[in-house]
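Heads up: the sequence lines are chains A and B, in that order.
So this note's numbering is basically just the index in the first sequence, starting at one, shifted up by 17.
So this note's numbering is basically just the index in the second sequence, starting at one, shifted up by 2.
Below is one structure, written out as structure tokens, with a few remarks after it.
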Amino acid sequence: MGRLSWQRATVVDIREETATARTLTLEVDGWSGHRPGQHVDVRLTAPDGYTAVRPYSIATPENGSRIDVTVALVEDGEVSSYLFSGSEVGTEMEVRGPLGGWFVWNRDDPVPVQLIGGGVGVAPLMAMLREHDRVAERHPMRLLYSTRGPETLLYAAELARRTQNPVPASAVTVLHTRNPSATAARPAGRLTISDIAAYGLPPSPRTRCYVCGSTGFVEAAIELLLKAGFATDNIRAERFGP
Amino acid sequence: MDTASTYLDGNAAAGPLGDFFGFDITTTIGRCAACRGVMLMAQCRVYSAGPGLVLRCASCDNVLIRLVVTGDRAWLDMTGLACLQIDRTESG
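Written as structure tokens, this is what we have:
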């Protein structure tokens, strides 16, 4: 990557995901393209010159100069609250990226992939899953997505489509931690080793795992993956805070 | 959760440090000056809740890098990092 500069980004589409999360589609001037799993820094500047910068994962695979970022409202979050309630189609901001060359999935990697996401940590994994759809000769990819309940489920329509018409090569399982949906086959609760056994790929040191979520979620998920038989060298993690 | 004990992965430092290095430092390999262990910089621990950015060794917790940025000046302390191995094909 060359030296990155701040680029102007304009909101061109907004989708309300839940009561506290929305996805913004940004059109970025001079976007160089990105790989699934990468993030951008978003910079907001107040009229008095005060600036605030926060990282956001990109939820979409390469799509010209457009990227999707999903913003979850954080209590007292000065950037998230502006992006959540203050932005509309046409709002401008600055972004810097793509960033991060390690938490990325390469479509040519000849190994199966297990994705585990907690809450809004599912966003960069969606970029990988959506990129996987575009690959002709693909290895299996599975997503385990842990979220509080139907009311916090991101990308609900797309995930419903994926779980109703399962693509054998890319299976998605949503796990509810508190409020199960009426059709849930599993009682509500945190991710367990039985979930990995029941819905994940067969444990193998060869399988690449990507884990993204809060620090606590990621720690717990990595411990379960290691217990299940996945290899520490093949687990890549992205923690995004408390 | 107590924010003092909450950390992010090295990935999170790609933007702020890339600003000064001009390339993605998170895909380089660092050697800790305290325990001499080597790690991909994406795998070290990043603490960003304070006034600056602190990167710590994931094995021994030694401070590798401290970065503080104010309006027109930045301080970059790398005394805890013995060496960086940079892939020239990756970061060109």
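Glycine included, each C-beta is placed from N, C-alpha and C at the ideal position.
The structure presented is a predicted model; accordingly, all values stated were derived computationally and were not measured.
Under 8 Å between C-beta atoms, does residue i make it to chain A?
{"i": "L55(B)", "result": "no"}
{"i": "L42(B)", "result": "yes"}
{"i": "T72(B)", "result": "no"}
{"i": "D63(B)", "result": "no"}
{"i": "D26(B)", "result": "yes"}
{"i": "G20(B)", "result": "yes"}
Beta-carbon of residue i versus every beta-carbon of chain B: anything under 8 Å?
{"i": "R113(A)", "result": "yes"}
{"i": "R225(A)", "result": "no"}
{"i": "L21(A)", "result": "yes"}
{"i": "F257(A)", "result": "yes"}
Residue i touches chain B at which residues, Cβ-Cβ below 8 Å?
{"i": "T232(A)", "result": "M3, T8, Y9 and L10"}
{"i": "A26(A)", "result": "Ordered by position in chain B, no residue passes the 8 Å Cβ test against A26(A), which lies about 14 Å from the chain."}
{"i": "R124(A)", "result": "Here the premise fails: no neighbours, minimum Cβ distance about 18 Å."}
For residue i, count the other beta carbons within 10 Å of its own beta carbon; 16 or more makes it buried, fewer makes it exposed. Which is it?
{"i": "Q131(A)", "result": "buried"}
{"i": "G94(B)", "result": "Unreliable positioning characterises G94(B) in this predicted model, as indicated by a pLDDT of 40, which lies under 50. A coordinate reading is not provided."}
{"i": "F22(B)", "result": "exposed"}
{"i": "A26(A)", "result": "buried"}
{"i": "Q55(A)", "result": "buried"}
How big is the Cα-Cα spacing for residue i and residue j?
{"i": "G66(A)", "j": "E109(A)", "result": "15 Å"}
{"i": "R179(A)", "j": "A186(A)", "result": "11 Å"}
{"i": "Q181(A)", "j": "D85(A)", "result": "24 Å"}
{"i": "A205(A)", "j": "L170(A)", "result": "14 Å"}
{"i": "G17(B)", "j": "D26(B)", "result": "8 Å"}
{"i": "T30(B)", "j": "L66(B)", "result": "14 Å"}
{"i": "L69(B)", "j": "G20(B)", "result": "12 Å"}
{"i": "L116(A)", "j": "E79(A)", "result": "14 Å"}
{"i": "R203(A)", "j": "L192(A)", "result": "8 Å"}
In chain B, which residues lie less than 7 Å from residue i when you measure between Cβ atoms?
{"i": "E92(A)", "result": "Near E92(A) there are no residues of chain B at all, since even the closest Cβ is about 13 Å away, more than 7 Å."}
{"i": "D58(A)", "result": "G17"}
{"i": "A254(A)", "result": "D11"}
Check the Cβ of residue i against every Cβ in chain A and list those closer than 8 Å, keeping chain order.
{"i": "T29(B)", "result": "G118 and W119"}
For a contact meaning CB atoms closer than 7 Å, what does residue i contact in chain A?
{"i": "A14(B)", "result": "P72"}
Checklist entry - What runs of the beta strand (DSSP E), each 3 residues or longer, lie entirely inside the region 133-215 of chain A? => result Runs of beta strand (DSSP E) with 3 or more residues, each lying fully within the region 133-215 of chain A, are found at 158-164 and 187-193, listed in chain order.
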